[in-house]
Amino acid sequence: MLAYIIRRVLLMIPTLFGIMVINFVIVQFAPGGPIEQIIAKVSGTAVAATARVGGTAAGEVGGTAAAKGAASTGTSKYRGAQGLDPEFIKQLRHQFGFDKPLYERFLLMMGNYLRFDFGESYFRDRKVIDLVLDKMPVSISLGLWTMLIVYSVSIPLGIRKAVRDGSRFDVWTSAVVIVGYAIPSFLFAVLLIVLFAGGSYLDWFPLRALVSENWHALSWPDRILDYFWHITLPILSLVIGGFAGLTMLTKNSFLDQITMQYVVTARAKGLTEHRVLYGHVFRNAMLIVIAGFPAAFIGILFTGALLTEIIFSLDGLGLLGFEAVINRDYPIMFGTLFMYTLLGLVLNLVGDMTYVIVDPRIDFESREV
C-alpha cells in the first residue's frame with residue numbers, strides 16, 4: 047500500500063503541472079485581460095460585473111491616469127488604449143508583470159505556488175490566500191451540510207428502493223426524486239425566497255450573510271440557532287436536486303449485488319436480511335458510490351453553489367471565483383485553480399484508500415498506476 051501511495055503522489059506532480067500549463071496558455075488567448083480592464087475603467091467604458099470591484103490597483107491606476115493628462119496618439123495592441131500615454135501602458139505592464147516573457151511568468155508563478163505563495167489580488171489589494179480563507183466558511187458550510195444531508199438520505203433510500211424494487215414505494219419515491227432533480231436549484235431557491243423570505247407570503251428567514259450582524263454578541267445557543275436560521279433556505283435549495291443521482295446509483299448498485307450467488311448462499315444459511323444487506327452486500331455495492339465521492343465533494347464545496355451564493359447574498363468561494371474570471375483577476379484565478387486541483391488529486395487518493403477500508407480484499411499494490 048505504501049508503494050502505491052508513493053506512486054500516486056509522484057503522479058500528482060506532472061498532472062498538476064499539466065493542468066496549470068493548459069489553463070495558463072488558454073487564458074493568455076482570452077480577450078479582455080487585466081490591463082484592458084484598467085483601460086476601460088480609465089476611459090469610462092467599463093461595465094461592472096459585480097457590485098464589489100475595487101482596491102489598490104484600480105485606485106492607483108485612476109490616480110495615475112489623472113496625473114497623466116497628456117494623451118498620446120500612438121497605436122497600442124490593447125483595445126481602447128488609443129489616446130493614452132504609452133508610458134502609462136508601460137507602467138501597467140510592469141505593474142502586472144506582463145513585461146516579462148510568457149514562460150518566465152509561468153515559471154515564476156509555479157515557483158511561488160510550490161511555496162504556497164499565491165500573491166495578491168490585482169483589484170482587491172489583499173493576498174489570495176487571505177481572500178480564500180475569508181470566503182471558505184460560507185462554501186464549507188454549504189458544501190458539508192449539503193453532502194451530509196444528501197448522503198444521509200440517498201444511501202438508505204437507495205437501499206430500501208433496491209429491496210422493494212417494483213413496489214409502490216419504489217415508484218412514488220422515484221417520481222419524487224426525479225421531479226426534484228428536474229428543478230434547477232436556483233429556481234427552487236427563488237421559490238423558497240418567494241414563499242418564506244419575505245417575497246410574497248411569509249417572512250421567516252433572512253436573505254443575507256451566513257450569520258446576523260450581532261452574531262458575536264449572542265450567547266452560544268443563540269449563535270447556533272442564528273447560524274442554522276441563515277443557512278436553512280440555501281441548503282434546502284441545494285439538496286433538492288442532489289438526491290436523484292445518488293439514490294438511483296445506490297439502488298442499481300445494490301440490485302446488481304443482490305442477485306449474486308453469495309447473497310443467495312448467505313440467505314440459505316439463515317442469515318437475517320439486515321445481516322445480508324449490511325454485512326455482505328453493503329461493502330461491495332458501496333464501492334461505486336465511494337468512487338464518485340471526491341468529485342462530488344469538490345463540485346459541491348467549491349463550484350456547485352455559485353448561483354445559490356448570488357441569490358442569497360452569500361459571499362463564498364463560488365462568487366469569488368466568478369468575479370475573478372469576469373474581472374480577469376489572474377492571481378485569484380490561478381491560485382484557486384492550483385488549490386482546488388491539488389485538493390482534488392489528494393481526495394482521489396483518499397477515495398482509493400477508502401476502498402480498502404470498505405473492502406480489505408482490494409489490493410492496490412499489484413495494480414499499475
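Numbering (our numbering), first residue to last: 47 to 415. A virtual CB, placed ideally from N, CA and C, is assigned to each residue, including glycine.
From the options, residue whose alpha carbon lies closest to that of residue i
i	options	result
T61	V196, Y386 and K315	Y386
L388	M156, W266 and G212	M156
A331	A208, G212 and R269	A208
P280	P80, P147, T354 and R161	T354
G325	A370, I334 and F300	F300
K181	F368, P202 and I59	F368
F162	F384, Y401 and G397	F384
N373	A312, A76 and M47	A76
W250	E259, F274 and K146	F274
V392	A49, M47 and L57	L57
Y376	I51, P80 and I334	P80
Y401	L366, L333 and V371	L333
I277	A314, S231 and P252	P252
S231	I356, R329, R210 and Q83	I356
F70	I135, L154 and P132	L154
H320	R206, V257 and I84	R206
L160	A235, W191 and I59	I59
D216	W191, N298, E259 and Y247	N298
P202	T219, W191 and E82	T219
L233	M193, Q141, K136 and A351	A351
R329	V257, L256, I403 and G78	I403
Close beta carbons around residue i, own chain, < 7 Å, minus the five adjacent residues each side
i	result
T425	There is simply no residue 425 to check, as the chain begins at 47 and stops at 415 in what is shown.
G143	R151
R313	V322
V257	D272, Y273 and H276
L248	L241 and F242
V236	I357
Rounded distance between the beta-carbons of residue j and residue i, thought under 8 Å
i	j	result
V196	V285	5 Å
T296	G204	3 Å
G397	I336	6 Å
L282	D272	Going by Cβ atoms, the distance from L282 to D272 rounds to 17 Å, so no, they are not a contact pair.
V322	Q303	About 10 Å separates the two Cβ atoms, so there is no contact after all.
L148	Q74	7 Å
T366	L179	Here the sequence assigns Leu to residue 366, which means Thr is not the residue at that position. Incorrect: roughly 11 Å between the Cβ atoms, too far for contact.
R269	W261	6 Å
Nonlocal neighbours in the same chain, by C-beta distance under 6 Å from residue i, ignoring five residues either side
i	result
V55	none
M399	none
A370	I378 and M379
S213	none
T311	none
G105	Annotation note: pLDDT 43 at G105 (below 50); position unreliable, coordinate value reported separately. Counting only Cβ-Cβ distances below 6 Å, and skipping sequence neighbours, we find nothing.
F164	V174, I175 and G381
Same chain only: Cβ atoms within 8 Å of residue i, ignoring 5 sequence neighbours per side
i	result
L48	none
I166	Sequence check: residue 166 is Glu here, not Ile. For E166, where only same-chain residues beyond five positions count, the Cβ hits under 8 Å are R172, K173, V174 and P377.
I229	I286 and G287
S246	V240
L136	Checking the displayed sequence, the identity of residue 136 turns out to be Lys instead of Leu. So the list reads D145, once near-sequence residues are dropped.
G226	I286, G287, F289 and A290
Inter-stretch contact at 8 Å, needing at least 3 Cβ pairs: the region 375-388 / the region 62-80:
yes
Are the region 183-191 and the region 352-360 in contact at 8 Å, needing three or more beta carbon pairs?
yes
Uninterrupted beta strand (DSSP E) stretches inside the region 134-214 (no shorter than 3 residues):
none
Beta strand (DSSP E) runs contained entirely in the region 254-310, provided each spans 3 or more residues:
none
Contact between the region 305-313 and the region 279-296 (3+ Cβ pairs under 8 Å)
no
Say whether the region 240-249 touches the region 156-173, bearing in mind that this needs 3 or more beta-carbon pairs closer than 8 Å, one atom from each stretch.
The answer is no - the region 156-173 does not touch the region 240-249, with fewer than three Cβ pairs under 8 Å.
Inside the region 350-391 only - alpha helix (DSSP H) runs reaching at least 4 residues
352-357 and 363-373
Ignoring anything shorter than 4 residues, give me the alpha helix (DSSP H) runs that lie fully in the region 211-242, in order along the chain.
Counting whole runs of 4 or more residues, the region 211-242 contains the alpha helix (DSSP H) stretches 214-228 and 231-242.
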